[in-house]
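Everything in the sequence shown is counted per this note's numbering, starting at 613 for the first residue and increasing by one. Ideal Cβ positions, reconstructed from N, Cα and C, are used throughout, including at glycine.
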Amino acid sequence: MTDFTLPALPGALDTVYQADALALLAALPDASVDCVVTSPPYDNLRTYNGYTFDFEAIARETYRVIKPGGVVVWVVADATINGSETLTSMRQALYFVDTCGFRMHDTMIYEVAGTGAKGSNFAYWQAWEYMFVLVKGDIKTVNRIADVKNKTIGLIRSGRWRNDGSKEKPHETNAVGVRTNIWRYAVGFADASDKTGHPAPFPEKLAEDHILTWTNPGDVVLDYFGGSGTTAKMARKNGRRFITCDISAEYCDLMNRRLAQPYTPSFMALLDAAQSPEPSATEAAA
Ligand SMILES: C[S@@+](CC[C@H](N)C(=O)[O-])C[C@H]1O[C@@H](n2cnc3c(N)ncnc32)[C@H](O)[C@@H]1O
Numbered sequence: 613m614t615d616f617t618l619p620a621l622p623g624a625l626d627t628v629y630q631a632d633a634l635a636l637l638a639a640l641p642d643a644s645v646d647c648v649v650t651s652p653p654y655d656n657l658r659t660y661n662g663y664t665f666d667f668e669a670i671a672r673e674t675y676r677v678i679k680p681g682g683v684v685v686w687v688v689a690d691a692t693i694n695g696s697e698t699l700t701s702m703r704q705a706l707y708f709v710d711t712c713g714f715r716m717h718d719t720m721i722y723e724v725a726g727t728g729a730k731g732s733n734f735a736y737w738q739a740w741e742y743m744f745v746l747v748k749g750d751i752k753t754v755n756r757i758a759d760v761k762n763k764t765i766g767l768i769r770s771g772r773w774r775n776d777g778s779k780e781k782p783h784e785t786n787a788v789g790v791r792t793n794i795w796r797y798a799v800g801f802a803d804a805s806d807k808t809g810h811p812a813p814f815p816e817k818l819a820e821d822h823i824l825t826w827t828n829p830g831d832v833v834l835d836y837f838g839g840s841g842t843t844a845k846m847a848r849k850n851g852r853r854f855i856t857c858d859i860s861a862e863y864c865d866l867m868n869r870r871l872a873q874p875y876t877p878s879f880m881a882l883l884d885a886a887q888s889p890e891p892s893a894t895e896a897a898a
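Right, here's the structure in full:
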């Protein structure tokens, strides 16, 4: 691990660092991060110029820097070697839980739409990756996304019986309901992250949907395998603070160029900024 120094928080936020993930983590104070949304190099699927990472030390340090109730989203898949899956993802999930102390909040699936036939001729086409959602203690933020159109929209429901024996009033079905834990995203031309020049970006919406679900405006979102900067870009767009790094100078340049593009904050981020009270003279001076 190379020497790495980080300015004190919050001065260190909203910046891209060229650093080993472990070096960045080691420089962060205990309980300073609300959420990690990241994706490590998968097995040896891509070599990233030969860079390696110390998974176990990174997992332990991640637990230290996450605030109580904070979430880690770990997007990962396995290589298939000699016809068998490595199961590295599962070993990592177990290490996070059994050794580090995280709880497995949800094993979610990222369904990768639009890749076509991918994988082995001796198995079904590979169409998904894990999104392990790990939490330190009791989860502090859950804003579930309700965007699944209800087929019965507008119909009057007679009202269900509750456990206490009372009955719901008849009501119209909502236009939308909460999603399942399988999230489907198109890759390829449908997603802006594919045009970054990085070989393995995750979709912008994937990062955005996790950030919206597990954090609130102003929270600190970390991605220590930053790649093309998808997590940082979506955190900033949604009024969160980010901190990110990549070991590769080339990808740090890519991130900085991507983040230098003009952007429009999301409507909710604008609304939140408008509603935040101006800091008092004493707060501003502090
Ligand atoms: C799967 S990619 C992440 C892609 C990213 N989610 C995006 O949307 O662009 C993994 C990244 O980890 C970086 N990496 C590999 N070893 C690393 C290490 N030890 N520390 C920090 N970054 C590392 C690679 O350079 C690569 O860009």
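Any non-hydrogen atom of ligand 1 closer than 7 Å to residue i Cβ
i	result
aspartate 655	no
phenylalanine 667	no
glycine 830	no
glycine 662	no
serine 651	yes
alanine 633	yes
glycine 809	no
aspartate 858	yes
alanine 847	no
glycine 726	no
alanine 812	yes
phenylalanine 837	yes
threonine 700	no
threonine 627	no
tyrosine 863	yes
serine 840	yes
DSSP-derived helix/strand/coil call for residue i
i	result
histidine 810	coil
threonine 692	strand
valine 677	helix
phenylalanine 708	helix
lysine 761	strand
threonine 627	strand
glutamate 780	coil
alanine 798	strand
arginine 869	helix
tyrosine 654	coil
arginine 715	strand
threonine 856	strand
phenylalanine 744	strand
alanine 881	helix
tryptophan 826	helix
arginine 769	strand
isoleucine 670	helix
tyrosine 875	coil
Sequence-distant residues of its chain with Cβ nearer than 6 Å to residue i (five each side left out)
i	result
alanine 631	Phe616, Cys857
glutamate 820	Met846
threonine 764	Thr785
alanine 689	Tyr654, Glu741
valine 628	Thr856, Cys864, Met867, Asn868
arginine 715	Val747
alanine 725	Arg796, Ala798
aspartate 666	Leu634
aspartate 884	Pro829, Gly851
alanine 861	Gln630
Contact set for residue i: own chain, Cβ-Cβ below 8 Å, skip 5 residues either direction
i	result
asparagine 793	Asp718, Thr719, Met720, Ile721
arginine 791	Arg756, Ile757, Ala758, Asp759, Val760
arginine 774	Glu780
histidine 783	Ile768, Arg769, Gly771
lysine 849	Glu820, Tyr875, Thr876, Pro877, Ser878, Ala881
threonine 698	Asp655, Asp690, Ala691, Thr692
Contacting residues, own chain, Cβ-Cβ under 7 Å from residue i (five flanking each side not counted)
i	result
valine 645	Val677, Ile678, Lys679, Gly682, Val832, Leu834
threonine 842	Ser805, Pro813, Phe814, Glu816, Ala819
threonine 674	Leu637, Val648, Val684
threonine 827	Asp646, Cys647, Thr753, Val833, Arg852
aspartate 642	Arg676, Val677
Below-8 Å beta-carbon distance, residue i vs any chain B residue
i	result
valine 833	The structure shown contains no chain B, having only a single protein chain.
Is it the case that the stretch 862 to 873 contacts the stretch 633 to 640, given that we only count it when at least three CB pairs across the two stretches are under 8 Å? no
Assess contact between the stretch 791 to 799 and the stretch 812 to 822, defined as three or more Cβ pairs (one per stretch) separated by less than 8 Å. Is contact present? yes
Could you say if the stretch 734 to 741 and the stretch 702 to 710 meet the contact criterion of at least three C-beta pairs nearer than 8 Å? no
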